[in-house]
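To keep things clear, I will list the structure first and then write my remarks on it.
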Amino acid sequence: MMNLNKTLWRALASVILLVTSASAFAEPDPKLWPVMKEAFFAKRDMQEVDFIKIDAPRRAESGAQVPVTYSVDNAAANGVKITKLYAFVDANPIPLTATYHLTDTLGNFQLATRIRFETDAFVRLVGEDASGKLYLASREIRAAGGCGGTVEGDEAAIRASAGKIKFKVDEPVAIGSATSTTFNIKHPMRTGLQRDLVSQGFVPAFYIKKTEFSYNGKPMLTIDVGVGTAEDPYFKFNFVPDAAGKLEVTATDNEGKAFVQQVDVKG
Numbered sequence: 003m004m005n006l007n008k009t010l011w012r013a014l015a016s017v018i019l020l021v022t023s024a025s026a027f028a029e030p031d032p033k034l035w036p037v038m039k040e041a042f043f044a045k046r047d048m049q050e051v052d053f054i055k056i057d058a059p060r061r062a063e064s065g066a067q068v069p070v071t072y073s074v075d076n077a078a079a080n081g082v083k084i085t086k087l088y089a090f091v092d093a094n095p096i097p098l099t100a101t102y103h104l105t106d107t108l109g110n111f112q113l114a115t116r117i118r119f120e121t122d123a124f125v126r127l128v129g130e131d132a133s134g135k136l137y138l139a140s141r142e143i144r145a146a147g148g149c150g151g152t153v154e155g156d157e158a159a160i161r162a163s164a165g166k167i168k169f170k171v172d173e174p175v176a177i178g179s180a181t182s183t184t185f186n187i188k189h190p191m192r193t194g195l196q197r198d199l200v201s202q203g204f205v206p207a208f209y210i211k212k213t214e215f216s217y218n219g220k221p222m223l224t225i226d227v228g229v230g231t232a233e234d235p236y237f238k239f240n241f242v243p244d245a246a247g248k249l250e251v252t253a254t255d256n257e258g259k260a261f262v263q264q265v266d267v268k269g
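First residue of the sequence shown: 3, per the working numbering; consecutive thereafter.
Here is the structure:
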């Protein structure tokens with residue numbers, strides 16, 4: 003998913019050891035985050051803020067499909083312009099669930115998605131502005147069992163259906179106002195940590211790696227997707243169209259396959 007230097011690998015190894023220890027107690031462990039913060043952001047300062055928000059249930063019905071909504075309140079940010087958001091589940095074996103690259107077209111950023119939890123954990127949402135300053139929001143969620151376990155099914159059928167997209171824009175559309183769009187792609191999002199039910203061998207990772215949204219040919223939202231994103235990735239977010247046009251998405255998986263769809267937006 004990413005190129006890691008030796009220092010980062012050592013830091014992540016420490017995180018994994020802490021996760022193993024924490025999982026035995028099934029309690030969100032605040033000691034994980036300082037290690038993870040150092041692994042991903044070295045010694046950079048990070049400010050806790052309330053203009054970045056995480057909305058989610060305190061306890062989820064399934065660790066495989068945990069609904070969350072991320073938002074940035076531009077007015078409350080008082081001039082801080084977030085250009086990138088990193089979403090972590092700090093007790094997951096692979097904690098970075100996605101990185102969101104934002105543009106002005108999104109207005110007040112608000113996005114709903116579904117993520118995985120291996121055990122009770124904190125969701126950490128780290129915002130970065132154009133100057134590299136970092137801002138943090140956190141939320142504790144209880145959920146488990148979403149990253150490992152066993153998988154089964156007809157492999158040929160699973161691969162044949164992978165990449166099928168549902169993509170729509172809510173109507174009526176008001177040009178210059180926030181408009182909601184929903185994207186859902188069929189995909190198993192295999193983590194590489196799951197085992198085949200029959201052979202008990204590890205099933206290779208197979209997941210959507212990047213999702214790029216553009217409007218009238220201009221980049222609008224790019225998501226670097228990780229395996230902590232739930233099966234059949236779902237993203238619902240707002241954007242502000244400045245004219246009628248065409249909304250396009252390109253989703254690429256870790257095997258290099260690309261899936262493209264377009265939606266006409268009429269004012």
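Glycine residues also receive a C-beta, built at the ideal position from the N, C-alpha and C atoms.
Query: Contact the segment 113-125 vs the segment 92-102: 3+ CB pairs below 8 Å; Result: yes
Query: Alpha-carbon to alpha-carbon, Tyr-72 and Leu-113; Result: 5 Å
Query: Any alpha helix (DSSP H) of 4 or more consecutive residues that is wholly inside the segment 74-100; Result: 76-79
Query: Residue span of the alpha helix (DSSP H) that contains Lys-39, given as start and end; Result: 34-43
Query: Bounding residues of the alpha helix (DSSP H) (the contiguous stretch that carries Ala-158); Result: 157-163
Query: Exposed unless 16 or more other CB atoms sit within 10 angstroms - verdict on Leu-249; Result: buried
Query: Alpha-carbon spacing of Gly-194 relative to Gly-178, whole angstroms; Result: 43 Å
Query: Ala-26 versus Arg-197 - alpha carbon distance; Result: The pLDDT assigned to Ala-26 is 41, lower than 50, so where the model puts this residue is not dependable; a value taken from the coordinates is nonetheless given after this. Whole-angstrom Cα-Cα distance: 21 Å.
Query: Collapsed DSSP secondary structure at Val-267 in the structure displayed; Result: strand
Query: Where Leu-108 sits in the DSSP three-state scheme; Result: helix
Query: CB of Asp-267 within 7 Å of CB of Val-205, strictly; Result: Checking the displayed sequence, the identity of residue 267 turns out to be Val instead of Asp. No, the pair does not count as a contact, with Cβ atoms beyond the cut-off.
Query: Selection from Thr-184, Ile-54, His-103, Ala-164 that minimises the alpha carbon distance to Val-125; Result: Ile-54
Query: Own chain partners of Val-265 with C-beta closer than 6 Å, once the 5 adjacent residues on each side are dropped; Result: Phe-169, Val-171, Leu-249
Query: Same chain only: Cβ atoms within 7 Å of Arg-46, ignoring 5 sequence neighbours per side; Result: Leu-136
Query: Buried versus exposed, by CB contacts within 10 Å (16 or more), Arg-60; Result: exposed
Query: Candidates Met-191, Val-242, Val-262, Asp-106: closest to Ala-66 by CA position; Result: Met-191
Query: Close Cβ partners of Asp-131 (< 8 Å) along its chain, the five nearest in sequence each way excluded; Result: Val-82, Lys-83, Ile-84, Thr-85, Tyr-137
Query: CA-to-CA distance, Glu-173 to Leu-87, given in whole angstroms; Result: 28 Å
Query: Proximal residues to Val-68 (C-beta, below 6 Å), its chain only, five neighbours per side dropped; Result: Ala-62, Ile-117, Phe-119, Ala-145
Query: Status (buried if at least 16 other CB within 10 Å, exposed otherwise) for Val-262; Result: exposed
Query: Cβ distance (whole Å) where Asp-255 is taken to contact Tyr-209 below 8 Å; Result: 6 Å
Query: Rounded C-alpha distance that separates Asp-226 from Ala-89; Result: 10 Å
Query: Residue range of the unbroken beta strand (DSSP E) whose run includes Met-48; Result: 48-50
Query: Rounded straight-line distance, which links the Cα of Gln-49 to that of Thr-252; Result: 34 Å
Query: Collapsed DSSP secondary structure at Arg-126 in the structure displayed; Result: strand
Query: Neighbourhood of Gly-147 by C-beta distance below 6 Å, restricted to the same chain and skipping five residues each side; Result: Gly-65
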